[in-house]
Amino acid sequence: MQKSAVRKIRVLGIDPGLNITGYGAIAVCGSGDPEIIEAGAFRMDPKAPLAERISQIYDDLTELLAEVKPDVIAVEQLYSHYKHPRTSILMGHARGVILLAAEQAGISVQSLAATKVKKSITGNGMATKRQMQLAIQSVCKLTEIPEPPDVADALAIALCAGRTIK
94 MQKSAVRKIR VLGIDPGLNI TGYGAIAVCG SGDPEIIEAG AFRMDPKAPL AERISQIYDD
154 LTELLAEVKP DVIAVEQLYS HYKHPRTSIL MGHARGVILL AAEQAGISVQ SLAATKVKKS
214 ITGNGMATKR QMQLAIQSVC KLTEIPEPPD VADALAIALC AGRTIK
């Protein structure tokens, strides 16, 4: 009697940014360890016009979606700090183009709060970037700390989402 193959679900986590957008694609299956499929960052020229950076995020992401073929995209929710409200407005541009690319590709999107992701990975909803990098290195059994920190954040977003899908 043959065992039926268990389907792995592919989750693409994205940490949106206008200068660096981190991404991490994982495959999750039941209670097994997640498998990293792809991880990295899109780097935009910070001196380029906003429209050019948004266009690059869209182009890079649509290419990644075609390559990785995720079942779900998980993206960090926007949050606004009272000292820096402009940051969330600018991040909304990056997040919006990510949502557009997902919709056009027919891929469902989960939005996760940064504090939920951090708590899920480190046990502390206010974890620092360094703590997140070390936690991802440990959870994913990586030999090196993921760089830049946006990659660790994206993998954490994917892992957090993947835990709810199983």
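Okay, so the sequence shown: first residue is 94 according to my numbering, each after it adds one.
Even for Gly, the Cβ is constructed at its ideal location relative to N, Cα and C.
{"Query": "Reduced DSSP secondary structure (H/G/I, E/B, other) of P109", "Result": "coil"}
{"Query": "Close Cβ partners of M184 (< 8 Å) along its chain, the five nearest in sequence each way excluded", "Result": "P109, G110, L111, L171"}
{"Query": "Rounded C-alpha distance that separates M94 from I107", "Result": "Interpretation of M94 is limited by its pLDDT of 48, a score under 50 that renders its predicted location unreliable; the figure taken from the coordinates is listed afterwards. Distance between the alpha carbons of M94 and I107 is about 41 Å."}
{"Query": "Pair within 9 Å by beta-carbon distance, V92 and V202", "Result": "Nothing in the structure corresponds to residue 92, since the chain is present only between 94 and 259."}
{"Query": "Inter-residue Cα distance where the pair is G117 and I130", "Result": "8 Å"}
{"Query": "M137 classed as buried or exposed, judged by whether at least 16 other C-beta atoms fall within 10 angstroms", "Result": "buried"}
{"Query": "Inter-residue spacing [alpha-carbon to alpha-carbon] between A134 and T257", "Result": "24 Å"}
{"Query": "Inter-residue spacing [alpha-carbon to alpha-carbon] between P178 and I119", "Result": "32 Å"}
{"Query": "Backbone secondary structure at G115 - three-state DSSP", "Result": "strand"}
{"Query": "Ranges of the beta strand (DSSP E) found wholly within the stretch 115-197, counting only runs of at least 3", "Result": "128-136, 165-169"}
{"Query": "Alpha-carbon to alpha-carbon, K222 and I238", "Result": "11 Å"}
{"Query": "Residues bridged to V244 (per DSSP)", "Result": "Answer is none; V244 lacks a bridge partner."}
{"Query": "Beta-carbon gap between I200 and I150 smaller than 9 Å", "Result": "no"}
{"Query": "Spatially closest choice to A141 from Q197, E240, I113, E160, by CA coordinates", "Result": "I113"}
{"Query": "E240 classed as buried or exposed, judged by whether at least 16 other C-beta atoms fall within 10 angstroms", "Result": "exposed"}
{"Query": "DSSP-derived helix/strand/coil call for A238", "Result": "The amino acid occupying residue 238 in the given sequence is Ile; Ala does not appear at that position. I238: coil per DSSP, three-state reduction."}
{"Query": "Proximity below 9 Å, CB of A194 to CB of T236", "Result": "no"}
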